[in-house]
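Counting with numbering that gives the first Met the number 0, you get residues 0 to 441 for the letters of the sequence shown. Heads up, the beta-carbon is just placed ideally off N, CA and C, and yes, glycines get one too. Given the structure is predicted, the values throughout are model-derived calculations rather than measurements.
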Amino acid sequence: MANEADLATAVADAVHPLGVMQRITDRTLGLIESAQGVMIGVADPSGVTYVTGSGNQTLLIGTRVELGSSLTGVAVRTGEVQRSADTELDDRVDLEACRRHHVRSLVCIPLQRDDEVMGVMAVNAPVPDAFTDADVDVLTQLATFMGVAIGSARDLHAVSSELLGFGSTTPSGAPATAAHRYVMGVVNAAEATRLENCERIEAILGDPALLSTVFQPVVDLASGETVAYEALSRFHVAPYLPPDRWFAEAHACGLGVDLEVLALERAFAVLPSLADGLALNVNVGPHVVGTSAFLDALAGVPVDRVILELTEHHAVEDYPALIAALRPLRRAGLRVAVDDTGSGYSSLAHILKIAPDFIKLDCELASTIDLDPVRRALAASLVAFAADTGAEIVAEGVENADELAVLRRIGVRFAQGYHLGHPAPLAPAPVVNPARLADGEG
């Protein structure tokens, strides 16, 4: 699998001391407000070679300075932080180099571990007296940490290289081993988890049986009839993650469109067995609409029986493109719902641009609506807004009869939730108990 090579490369990168040095220079540049450049150099008996940098000195990576003619060398020889308030007036510095690189203020911090000076961090600015005593105190306090972090990374890289068989770089396509996974889980648990989840998503895409679909009824509160089913994905892989997390992980791996399209295909497979007159609600991200994979999934599907719920997890970056992609599908009978209104990206401006057929109220809005006048007022205003824009309201997450009664009273037309029906494999007949639609009954 491609992720095997990714894991091997990620392990090598995670334990490489250059990565630690780069993070130190980046963080130091942000920490010292007046700093314009930060570099770290590695020391040897005759000089220092700068290997990482941030700010205005990155072009100097690879530059070498001699120990006997620079402030860097003084820091290495003494093992103490050195400060030059004005390099034009300091005979310890390499004046020609400072002028060439526009350095007027300079602080050199020796990086040592167990009394060994491994290198130097140089912090500079193009004006004199740029660094305060407080700046130097902070750098002095952090010097021990920096040295230990870099020395530990050096040791960790050496032992990992011996254990895992990589050098300064990992050959492209090198297979990962159980040892790679173990080391990565220790040195960068978050990245290890991400890569493992990518493998699981690839497994799902390779074996669609690992993704199943359950269906939750959407009920017309006026008639008490089920008018649609919402298709919801369930993943049969360990560890357990809620469906939205799996889709988010897939997008982080560059496999989000593939996974969303697979979920659509699994849902569309039930349409032939769905009773006439019932619609199928399917969820899809706005960025998936219009892709060739999405259009291929719709080929041969009676789109006049489909309600496309645009999920709220991603902001729409290009509304004209989204609307253009939806236009021919809507002309063919596809209906569109804006999902989870009241959270995420489902703002009123978003609704106005999409002009959906249905506006779905977020679960948080329906929850305890019978007890919260603010929720009731907001839901009522959305009912009026929907009426003015030609849309219908669907309330999600209805958990009890009291919530349902309030929603009916303020004019909500459709609802779904555990009180009306749990997600389940598709049943041949509606699973709603009519008694649950009566006000005050549970």
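{"query": "Is it buried or exposed for glutamine 111, if we count other Cβ within 10 angstroms and need 16 for buried?", "result": "buried"}
{"query": "Pick from Ser45, Val256, Met20 and Glu224: whose alpha carbon is nearest that of glycine 284?", "result": "Val256"}
{"query": "Contact defined as beta carbons within less than 8 Å: I believe isoleucine 39 pairs with threonine 57. What is the distance between those atoms, to the nearest angstrom?", "result": "Wrong, their Cβ atoms sit about 12 Å apart, outside the cutoff."}
{"query": "Roughly how many angstroms separate the alpha carbons of valine 64 and threonine 71, rounded to a whole number?", "result": "8 Å"}
{"query": "Go through its chain and collect everything with a Cβ distance to valine 47's Cβ below 6 Å, but skip five positions before and after it.", "result": "Gly40, Val64, Thr71 and Val119"}
{"query": "Enumerate in chain order the residues of its own chain whose CB-to-CB distance from leucine 406 is below 8 Å, with the five nearest sequence positions on each side excluded.", "result": "Leu220, Ala365, Ile368, Ala378, Ala394, Val397 and Ala414"}
{"query": "On a Cα-Cα basis, can you pick out the residue from Ala323, Val260, Glu308 and Arg329 that is closest to aspartate 295?", "result": "Val260"}
{"query": "By alpha-carbon positions, which one of Glu402, Gly67, Ala385 and Pro355 ends up nearest to arginine 374?", "result": "Glu402"}
{"query": "Could you check where the alpha helix (DSSP H) with tyrosine 181 kicks off and where it finishes?", "result": "177-186"}
{"query": "Taking 7 Å as the cut-off, is the C-beta of valine 302 nearer than that to any heavy atom in the ligand NAD?", "result": "This structure lacks the ligand NAD; in fact it carries no ligand of any kind."}
{"query": "Is the region 242-253 close to the region 194-213, with three or more CB pairs under 8 Å?", "result": "yes"}
{"query": "Tell me which residues share the same chain as threonine 27 and place their Cβ nearer than 6 Å to its Cβ, disregarding the 5 neighbours each side in the sequence.", "result": "Val37"}
{"query": "What is the DSSP secondary structure of glycine 36, counted as helix, strand or coil?", "result": "strand"}
{"query": "Report yes or no: do the region 352-359 and the region 187-194 share at least 3 C-beta pairs separated by less than 8 Å?", "result": "no"}
{"query": "With DSSP run on the structure shown, which of helix, strand or coil describes glutamine 140?", "result": "helix"}
{"query": "Hey, how far is the Cα of glutamate 95 from the Cα of threonine 62?", "result": "14 Å"}
{"query": "Tell me which residue opens and which closes the beta strand (DSSP E) that proline 447 is part of.", "result": "In the structure displayed, the chain extends from 0 to 441; residue 447 sits before or after that span and is not available."}
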